[in-house]
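Each protein sequence line maps, in turn, to chains A and B.
For the first sequence, the positions run 5 to 550 when this note's numbering is used.
For the second sequence, the positions run 713 to 835 when this note's numbering is used.
Backbone N, C-alpha and C define an ideal beta-carbon position, used for all residues, glycine too.
All of these numbers come straight from a predicted model, not from anything done at the bench.
Comments concern the structure below.
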Amino acid sequence: MGVCLQQRSEQRPSGVRIVVLQPGRAGAAAQLGRLGVEAEVEVVHDVERALARARAGACDLVVAAAKPSAAAERLLEQLRHDGPPVIVVDRALGNEAALGWFRRGAADCVALGSRGSETLAAAALEQIRGWRATSRRSATGRRIQELQRYSEDVIQKMNTAVLVVDPSGCIASCNPPAAQILGQPLQALLGRRVAGWFPDAAGRGTVDRVLAEGVRFKGLESAITRPDGSVVPVGISCAPIASGQAGRPRGAVATFQDLTEMRQLQRQVLQTEKMASIGQLAAGVAHEINNPMGFIHANLFQMNEYVAELRRVWTHVEQLQKCLDPARPEPAALRQAAEQLAALVDEVDVSFVLSDLAKAIRESQEGSERIRHIVQDLRDFSHHDKERVPADLNLCLDSTANIVWPMMKHLVVLEKEYRELPALDCFPMQLKQVFMNLLVNAFQAIEEKLGSSGELGRIRLVTERVGDDVIVSVSDTGTGIAPEHLDRIFDPFFTTKKVGVGTGLGLATCFNIVQRHDGTLRVESVPGEGTTCRVVLPIDGGGGEG
Amino acid sequence: MKAEAPLLLIVDDETRILSALRRALRREGYEILTAESADEALRLLSERPIDAILTDQKMPGMSGAQLLAEAARRRPSAVRMLITGWTEEIPRTRLEALGVCALITKPWDDARLKATLRRALRA
């Protein structure tokens with residue numbers, strides 16, 4: 005026995021707990037002292053108590069006396085499918101009896117004969133080892149199940165839309181937010197292929213590329229077509245689920261966001277910023293409207309005077325006509341009327357009044373036309389683009405320059421160098437907003453530098469085509485940008501302007517708009533000398549959404 | 713008022729405004745000169761015995777206020793008046809320092825413009 009235990013010493017179980025069901029005081033329990041391992045042996049006399057201990061997992065083994073057999077039988081029956089092993093012991097055990105106990109589910113049968121104690125110890129150890137191994141296995145299984153449930157629960161409870169796809173691109177798991185965005189019941193989604201829902205190639209390719217190449221995507225903007233035909237803009241991030249070995253991933257997990265609200269907010273910010281730039285312009289525009297208003301108003305007053313004077317002359321002409329009645333010629337009255345008329349024509353200066361009246365009308369017409377143009381330009385500016393349209397950037401730039409010109413003309417010489425450009429598929433109002441911001445910034449930099457020195461600054465507008473790009477640059481001779489600010493000029497809310505002058509959103513908005521056109525916005529600046537902003541837009545721009 | 717027609721110089725970069733002001737003041741008995749820029753105004757100021765100068769504020773290069781400051785140096789006797797759409801743009805103290813005796817808003821009221829000019833030139 006000693007030898008035996010030494011050989012197995014490495015596998016010697018510890019913390020062994022055994023329940024012994026025996027009717028009397030002496031019996032199997034006494035024989036377990038030879039177990040050779042530290043064991044806690046609990047002797048119970050009642051089968052129900054033994055069962056309770058076994059079911060509570062409080063023991064590794066039950067040793068049951070074969071007699072009374074009803075108790076042993078009940079114990080075996082109850083623990084047959086779920087519970088620790090049971091060894092049945094008896095003073096003597098024939099083959100027949102042993103077989104009967106085995107059939108009833110006994111793990112082993114031991115006769116407590118002359119070498120009974122050694123036999124029992126060996127049998128007990130074996131059963132305990134076996135039981136511990138199985139329960140370890142099933143514990144691992146249970147742990148795996150627990151983890152599966154846990155991870156599934158994490159996915160289900162997450163407030164972000166999550167899709168898990170298997171290596172074939174079919175949905176293995178997804179959660180309610182995902183079902184909501186996709187517009188389908190959760191159950192209907194499982195097993196479906198993901199690629200079909202994306203109307204654009206970028207979206208369709210995402211999951212496939214993740215699965216095939218193991219690449220990951222972050223914040224990719226795409227859209228999903230729901231079964232009812234509606235299209236939801238979404239942002240997708242997708243990453244492969246690593247496989248144990250190198251090679252194809254075991255699937256992919258995608259999280260996505262409904263961007264509808266964000267798009268709305270973006271549009272609002274765009275509109276807010278546009279309104280802010282319009283606010284900056286208001287004074288200049290009002291000035292530009294006020295001038296024609298001023299002379300139209302004065303001219304109308306004067307035209308009214310002219311009409312009154314001409315009416316006076318006309319009254320005399322009528323007088324003269326009466327004197328010309330052939331039935332009653334009155335030569336004296338006729339002469340008098342003619343003299344009066346001549347004097348009045350002289351006094352009123354009719355020929356001047358007539359020509360100046362015509363001139364006043366002409367000038368006023370021109371003034372009202374100017375006001376109409378300004379209002380039209382402003383109205384155009386407050387629109388927003390629904391979709392890309394082909395546009396001539398020279399016209400966009402020029403009409404924007406026209407709007408801002410009034411506010412800057414007292415300080416600025418504007419140079420224009422427009423080259424011929426191909427029509428560009430773009431959101432023209434958004435680009436006009438970019439130009440407007442750049443122009444206003446250029447003006448403000450000049451204003452800050454020159455103040456009321458009486459000098460004039462210069463803003464130069466250049467458009468050109470270089471290779472596959474259209475480039476629009478706005479250069480000024482203003483204050484320039486300090487090098488330490490240059491990195492931050494595109495940050496939202498970064499501004500060096502006085503409170504109330506800048507929103508800090510101007511260039512950030514420009515940057516976004518240009519990015520939406522797959523273009524770049526570059527700024528070069530020499531402090532004290534001026535700044536050049538260059539908008540580079542690819543002619544074959546992307547098809548992004550506004 | 714002098715015996716001959718007072719010589720009034722009107723300055724505005726907007727020719728239509730010059731034209732309308734000339735029209736409005738046609739019967740007021742002034743000899744009217746017009747200038748489309750501060751530079752031109754300064755030239756006329758040195759060539760002619762200007763009695764009164766009425767200038768727009770916002771002009772390319774030199775502003776109306778700057779022109780009046782220069783006019784005060786070159787011809788202190790000339791009555792100085794400013795016409796602007798935004799009267800609050802120039803602080804009152806600056807107006808006083810410039811010796812501006814009348815501030816006319818655009819768009820102007822014809823009768824008030826005439827009365828203001830008459831008053832200013834009589835003083």
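List the whole-angstrom C-beta distance separating residue i from residue j, where the pair is believed to meet the contact cut-off of C-beta under 8 Å.
| i | j | result |
| --- | --- | --- |
| A:Pro244 | A:Val214 | 5 Å |
| B:Arg785 | B:Ile765 | Wrong, their Cβ atoms sit about 13 Å apart, outside the cutoff. |
| B:Pro772 | A:Leu443 | Going by Cβ atoms, the distance from B:Pro772 to A:Leu443 rounds to 17 Å, so no, they are not a contact pair. |
| A:Met440 | A:Ile365 | That pair is no contact at about 35 Å. |
| A:Glu292 | B:Arg728 | At roughly 12 Å, the Cβ-Cβ gap does not stay under 8 Å, so A:Glu292 and B:Arg728 are not in contact. |
| B:Ala809 | B:Leu779 | Wrong, their Cβ atoms sit about 14 Å apart, outside the cutoff. |
| A:Val289 | A:Val317 | 42 Å between Cβ atoms; not a contact. |
| A:Val47 | A:Ala33 | 5 Å |
| B:Leu757 | B:Arg787 | 6 Å |
| A:Val67 | A:Leu80 | Not confirmed; about 12 Å, so no contact. |
| A:Ala128 | A:Leu65 | 6 Å |
Nearest by alpha-carbon distance to residue i: which of the options is it?
| i | options | result |
| --- | --- | --- |
| A:Ser155 | A:Gly117, A:Leu401, A:Val48 and A:Ser177 | A:Ser177 |
| A:Pro88 | A:Ala125, A:Pro72, A:Arg133 and A:His49 | A:Arg133 |
| A:Cys174 | A:Val321, A:Lys363, A:Asn516 and A:Ala256 | A:Ala256 |
| A:Glu217 | A:Phe202, A:Gly200, A:Cys242 and A:Gly195 | A:Cys242 |
| A:Val539 | A:Leu401, A:Lys420, A:Met412 and A:Arg462 | A:Leu401 |
| A:His377 | A:Val527, A:Thr404, A:Arg57 and A:Leu397 | A:Thr404 |
| B:Ala736 | A:Thr513, A:Ile463, A:Asn516 and A:Tyr310 | A:Tyr310 |
| B:Thr828 | B:Ser731, B:Asp725 and B:Glu740 | B:Glu740 |
| A:Arg95 | A:Ala58, A:Val114, A:His85 and A:Asp212 | A:Val114 |
| A:Gly28 | A:Ala70, A:Gly455 and A:Ser477 | A:Ala70 |
| A:Pro17 | A:Gly40, A:Asp170 and A:Val51 | A:Gly40 |
| A:Trp135 | A:Glu122, A:Leu116, A:Arg119 and A:Asp112 | A:Asp112 |
| A:Glu370 | B:Thr746, B:Glu726 and B:Glu801 | B:Glu726 |
| A:Ser121 | A:Glu313, A:Gln35, A:Arg59 and A:Arg78 | A:Gln35 |
For residue i, write down the residues that DSSP places opposite it in a beta bridge.
| i | result |
| --- | --- |
| A:Lys420 | A:Leu465 |
| B:Met793 | B:Leu766 and B:Ala814 |
| A:Pro244 | A:Ala256 |
| A:Asp112 | A:Ile91 |
| A:Ile132 | DSSP, once it has assigned bridges, lists no residue as partnering A:Ile132. |
| A:Ala165 | A:Phe260 |
| A:Ala43 | A:Val20 |
| A:Gly239 | A:Glu225 and A:Gln261 |
| A:Ala69 | A:Val93 |
| A:Asp473 | A:Val470 and A:Pro542 |
| A:Glu373 | Answer is none; A:Glu373 lacks a bridge partner. |
| A:Pro394 | A:Asp429 |
| A:Thr524 | A:Val540 |
| A:Asp480 | A:Ile463 and A:Thr535 |
| A:Ser529 | A:Thr535 |
| A:Glu313 | DSSP lists no partner for A:Glu313. |
| B:Leu719 | B:Glu743 |
| A:Arg197 | A:Cys174 |
Does any residue of chain E bring its CB to less than 8 Å from the CB of residue i?
| i | result |
| --- | --- |
| A:His291 | Judged by its chain identifiers, the structure shown contains no chain E, and its protein chains are A and B. |
Interfacial residues, the region 403-423 of chain A to chain B, with Cβ spacing under 8 Å: With the criterion set as a beta carbon lying under 8 Å from some beta carbon of chain B, the members of the region 403-423 of chain A are Lys413, His414 and Leu415, in sequence order.
The region 299-306 of chain A contacting the region 814-823 of chain B, beta-carbon criterion three pairs below 8 Å: Touching, yes, given that three or more Cβ pairs across the two stretches are closer than 8 Å.
Proximal residues, the region 294-306 of chain A versus chain B, C-beta separation under 9 Å: From the region 294-306 of chain A, only Asn294, Asn295, Pro296, Met297, Gly298, Phe299, Ile300, His301, Ala302, Asn303, Phe305 and Gln306 have a Cβ closer than 9 Å to chain B.
Against chain B: residues of the region 436-468 of chain A by CB proximity under 7 Å: Answer set for the region 436-468 of chain A: Ser456, Gly458 and Leu460.
Cβ pair count under 8 Å reaching 3, the region 219-227 of chain A against the region 142-149 of chain A: Touching, no.
At least three beta-carbon pairs within less than 8 Å, the region 531-541 of chain A to the region 480-492 of chain A: They touch, by the three-pair rule.
Members of the region 362-382 of chain A that neighbour chain B once the beta carbon cut-off is set at 8 Å: Cβ contacts with chain B: Lys363, Ala364, Glu367, Glu370 and Gly371.
Sufficient close CB pairs (3 or more, under 8 Å) joining the region 401-416 of chain A to the region 445-458 of chain A: Here the region 401-416 of chain A lies against the region 445-458 of chain A, with 3 or more beta-carbon pairs under 8 Å apart.
Near-chain B residues of the region 349-362 of chain A - C-beta to any C-beta below 8 Å: Contact annotation: in the region 349-362 of chain A, residues whose CB is within less than 8 Å of a CB in chain B are Asp360.
Contacting positions in the region 795-809 of chain B - beta carbon closer than 7 Å to chain A: Result list: Gly797.
Cβ-based contacts, 7 Å cut-off: residues of the region 771-784 of chain B near chain A: Listed in sequence order: Met771, Pro772, Gly773, Met774, Ser775 and Gln778.
Interfacial residues, the region 509-522 of chain A to chain B, with Cβ spacing under 9 Å: Identification of residues in the region 509-522 of chain A having a C-beta nearer than 9 Å to some C-beta of chain B yields an empty set.
The region 426-441 of chain A touching the region 469-480 of chain A, judged by at least three CB pairs closer than 8 Å: Touching, per the Cβ criterion.
The region 513-533 of chain A contacting the region 714-725 of chain B, beta-carbon criterion three pairs below 8 Å: In short, these stretches do not touch, since the Cβ pair count stays below three.
Proximal residues, the region 735-750 of chain B versus chain A, C-beta separation under 9 Å: Residues of the region 735-750 of chain B whose Cβ lies closer than 9 Å to any Cβ of chain A, in chain order: Arg735, Ala736, Arg738, Arg739 and Ala750.
Members of the region 315-337 of chain A near chain B, C-beta cut-off 9 Å: Taking 9 Å as the Cβ-Cβ cut-off against chain B, none of the residues of the region 315-337 of chain A qualify.
The region 716-732 of chain B: positions lying closer than 7 Å to chain A by Cβ: Those would be Glu726, Arg728, Ile729, Ser731 and Ala732, in chain order.
The region 261-269 of chain A in contact with the region 232-240 of chain A per 3-pair CB rule at 8 Å: The region 261-269 of chain A is in contact with the region 232-240 of chain A.
Residues of the region 813-834 of chain B whose Cβ lies closer than 7 Å to any Cβ of chain A, in chain order: Close to chain A, meaning a Cβ-Cβ distance shorter than 7 Å, are the following residues of the region 813-834 of chain B: Lys818, Pro819, Trp820 and Asp822.
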